[in-house]
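In terms of UniProt numbering, the sequence shown has 333 at position 333, counting the first letter as 1, and numbering is strictly consecutive. Before any comments, here is the structure.
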Amino acid sequence: MSDTQLSPILPRLNYPSPPVTPPPRAYTLSSPSDSGSPAMSHQRSYSSMSFSIPRRPVNGGSVFESPRSNTSTPQRPQPVRTRGFITSSPPPPIVEDLVERVANAMLERDRLQEQIDDIVEKQSIFTSSRPSTAHGHPEMEPMPEIPAMPPNAPSFSERLSSDHLQSTAAKPTTRTRYEANSSRKMEGRVPPPPLPLRLRPPLRKKKSFSRASRVSSWLFPAGPEHKKGISLDSLTNVPKPVSGSQGFYQVARLGPNHRSSFDSESTVSDWTVEEQTIPTSLSPSSVTTPRTMAGPSMGLPFGLQEPIQFRQRKSVVLGTFVSGKQFNYKALPEDVGQEESQKRAATWAGRHKSLIQLTGAALILAIIGIFGVNFTHTSKRHSCDYAKSGFQCETAISHSWGQYSPFFSVPSDISNDIPKGCEVTFAQILSRHGARDPTLSKSLSYRSLFDRIHNNVTDYGEHYGFIKDYKYTLGADQLTVFGQQQLVNSGIKFYKRYEKLARNISPFVRTAGQQRVVDSAVNWTQGFHQARLADKNAEFPDAYPYEPVVLPEVEGFNNTLSPMTCTAFKEGPDTGSDAQAIWVDTFVPPVADRINQNLVGANLSNSDIIHLMDICPFETVANTDGHLSPFCSLFKEDEWSSFDYYQTLGKWYGYTNGSPLGPTQGVGFVNELIARLTGQPVADTTSTNTTLDSSRKSFPLDSILYADFSHDNDMSGVFGAMGLYNATEPLSNTTKASPRQSEGYGASWAVPFAARMYVEKMQCKGTEEEFVRVLVNDRVIPLQNCDVDALGRCTLSKYVDSLSFARQGGHWNKCYE
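In structure tokens form, the structure reads like this:
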């Protein structure tokens, strides 16, 4: 046998001379493309699960051929040639005895191997019937252990040690340190001490398996199947994935000076001696960790030009069955050829690439999905305002802000649905503009209030701390985004309610001239047209955009939507503010005490408290979605209802029934309404503009859909002129009354932001004359003095007769007294 083809099966070398330097880390061939690394061949070994490390060939053949080789007599190995030893004297006679003993041992080994093969054949343990796993089958009975070679057989390495002991006496051993990244040539190193193996045959199978273990076919070759070329990937190349079910082996401990190990269920295996660990396999799933190499470095006996590098993997450590050291194990790799290795590598690379592509696609879809959800959430985020029912957030508070409340559908004692058997033939809407910023004068007052608070307050109480950093940023007079959307919703709702009429005709639109009112009219037409586009039964094309008729809000211009020509009304006493002042002195003082206790140093007055309460609705409608301002939480629900009544007193005594000239301001519009209902020319001598009303273009009488836009104060005068709240008793300025207690009248119920009054004319089955019905913010207002029916309606003729106050001009003559 060649000195460079020593088998790792031989016993450990024990001699007192300096230890043999172990070889450096071997190269790991990860792929066939590593042309710079030497190709390793896999040779069959005579011992179970043993590996023959290819050495640099010297004399060609080796005694360690297949057990079924025709060579029956082992060849005499050549003397070991090492660079670290120089012999100064001829070998002693003991070497000849050692060679003879090794030869006898080889013969004995062949004989024992034949016995093993016979036993295997007798027990019918072949490649095709090998069970898929050696573990986890309690029903399988283990086979008895069969020694592969006598435990006390003389060892070639033992005798060789004696030779080395004598040959190295003259010259000291030169030790070469192992460098992990060294690139210098490593030749002639003494091989790593081998493990003495003891064969343990596999468990007896009790049922057949579809696959045979490739490891068992390696252990027990049968027929020409085993003649294929086998690669020694398990030691020098990166092994392919292999499961623990493909075979096992047992290493028995033969003595205190020999390395030994036992069966392990670990997924990986290596052999360890003290601080040195050389892995025998590498799995792609293994976690590589560097292992410190202590003691003498191991030489590389393969004749390679570069060191082969090993990495230590984490593994499960199974205790030995007997006292002694513990060893780490890793599963043996499946022995495959280079072509199969390349195919598997390509397959796994393809799968890895596909997995990356799928993962990337999934990630992109997830990002798109998240973006879509966020976009949908942004574009359709929760809003407090709805086209059908109006503002519905924190209703106990938000429905008590007087004229600063956003529109909401007011409860009605009579159903506001179109009565069965009736068909609407005419619809008129009178609408207030949408939510806005405070008026300029109010906005300046609010800013001044916060300046005083910030300058004077020395301590902010609990829940008041946000005021310290609050900055007043509200504008003046203009619509907010929330207010614009209110009117869009209003147009949608109007179309859907009067869909049968709206499908075939465009509305006539008219508006007061202030910018926020004009903008509201345009927003309303957008909603109306949007709903029409969504109606599959609508007739097209229509006249959109519907150009509104704008009535300027200037002195001296007759404008029924915002009359400014009644001098006595403009210059007369402010009865509404007088009524409010009395109520403020009743309900505000307790509130002011609490606020001042939490804003130490502010010394807020009653009017300051009202302004602070105003900020709540204005901040809310300044929010796109109408989310409540933190100022709202500073006041209790009862205090908000008092605030609502405060605003109600201002409208009642300032612009409607409680004002001597308030209802007169609405007479002109009521007379125009009569003209539209009856199709007759306008008969009025108050605030109407005769030039415009006499023109069919600026005031058509043949339309059936009308939309007018105005202000809360002007609408209050119209309500008074129509007598809608004649059933309401005069309101007390010292005792609070809810809108329901006041027969439906309240500032928040009558003229909130985007308030609307519907005047419907309908034809019903079984009646010759049409009916008229009025709704204010979805609440049916029973008509007065016209023989109203259970549905709050009056016939057209009787209704017109009931409007005598308007037809007679109200108290317009007092405007100039």
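Yeah, the Cβ is synthetic: ideal placement off N, Cα and C, and Gly gets one too. As the structure is a computational prediction, the values presented were derived from the model and not from experiment.
- Cβ neighbours of Asn558 within its own chain (closer than 7 Å, five residues either side excluded): Thr565, Ser687, Thr688 and Asn689.
- Distance check between Ile595 and each of Trp583, Met613 and Ala579 places Met613 closest, using alpha-carbon atoms only.
- Apart from the 5 residues on each side of it in sequence, Phe643 sits with its Cβ closer than 6 Å to the Cβ of Met613 in its chain, given in chain order.
- Take Lys765, set aside five residues on each side of it, and the residues of its chain with a beta-carbon closer than 7 Å to its own are Gly421, in chain order.
- If you look at Ser445, you'll find it isn't in any beta strand (DSSP E); it sits in the alpha helix (DSSP H) that goes Leu440 to Asn456.
- Residues of the same chain with a CB within less than 6 Å of the CB of Arg793, apart from the 5 flanking positions on each side, are Phe771 and Arg773 in chain order.
- Taking all protein chains in view, the Cβ of Val554 is surrounded by fewer than 16 other Cβ atoms within 10 Å, so the residue is classified as exposed.
- Out of Arg503, Thr560 and Tyr386, the CA that lies nearest to the CA of Gly483 is found in Tyr386.
- When only Cα atoms are considered, Gln485 and Pro541 end up about 25 Å apart.
- Taking the C-beta atoms as reference points, Phe426 is found nearer than 8 Å to Leu677.
- Between Gly809 and the set Ala362, Asn671, Arg351 and Gln392, the nearest pair of CA atoms involves Asn671.
- Contact holds between the region 654-666 and the region 570-579, because three or more Cβ pairs, one in each stretch, are under 8 Å apart.
- Under the 8 Å Cβ criterion, the region 395-402 counts as touching the region 639-655, having at least three qualifying pairs.
- Scanning its chain for C-beta atoms nearer than 8 Å, with the 5 sequence neighbours on each side dropped, one finds around Gln597 the residues Gly461, in chain order.
- A straight-line Cα-Cα distance of about 25 Å links Thr586 and Pro630.
- For Cys764, the uninterrupted beta strand (DSSP E) segment begins and ends at Arg756 to Cys764.
- Taking 8 Å as the cut-off, the beta carbon of Ser443 is found no closer than this to the beta carbon of Ser748.
- For Thr691, the uninterrupted alpha helix (DSSP H) run begins and ends at Thr690 to Asp693, by DSSP.
- Residue pairing from DSSP places Glu423 in a beta bridge opposite Gln763.
- The way I'd put it, the region 445-453 doesn't touch the region 411-421; fewer than three beta-carbon pairs between them come closer than 8 Å.
- Ranked by Cα distance from Asn813, the first of Thr664, Leu791, Gln342 and Ser694 is Thr664.
- The three-state secondary structure of Pro630, taken from DSSP, is helix.
- Contact annotation: Leu783 and Ser802 have beta-carbon atoms nearer than 8 Å.
- In the DSSP assignment, Asp585 falls within the unbroken alpha helix (DSSP H) covering Thr575 to Asn598.
- When rounded, the separation of the alpha-carbon atoms in Val517 and Leu551 is 11 Å.
- Proximity to Ser383 across Asp787, Gly350 and Asn623 peaks at Asn623, based on C-alpha coordinates.
- In this structure, the beta-carbon distance from Trp583 to Asn733 falls below 8 Å.
- Exposed is the label assigned to Arg351, since fewer than 16 other Cβ atoms lie within 10 Å of its Cβ.
- Rounded to whole angstroms, the separation of the alpha carbons of Val102 and Val95 is 10 Å.
- Rounded to whole angstroms, Gly746 and Val776 show a C-alpha spacing of 11 Å.
- Rounded to the nearest angstrom, the gap between the Cα atoms of Val751 and Met757 is 9 Å.
- According to the DSSP secondary-structure assignment, Pro406 is paired through a beta bridge with Phe753.
- Membership of Thr525 in the alpha helix (DSSP H) is indicated by the continuous run Gln515 to Ala534.
- Note on geometry: alpha-carbon atoms of Lys343 and Asp97 lie some 51 Å from one another.
- As summarised for the region 648-680, the continuous alpha helix (DSSP H) elements at least 4 residues long and confined to that stretch are 667-678, given in chain order.
- By the criterion of at least three beta-carbon pairs nearer than 8 Å, the region 691-703 is not in contact with the region 717-724.
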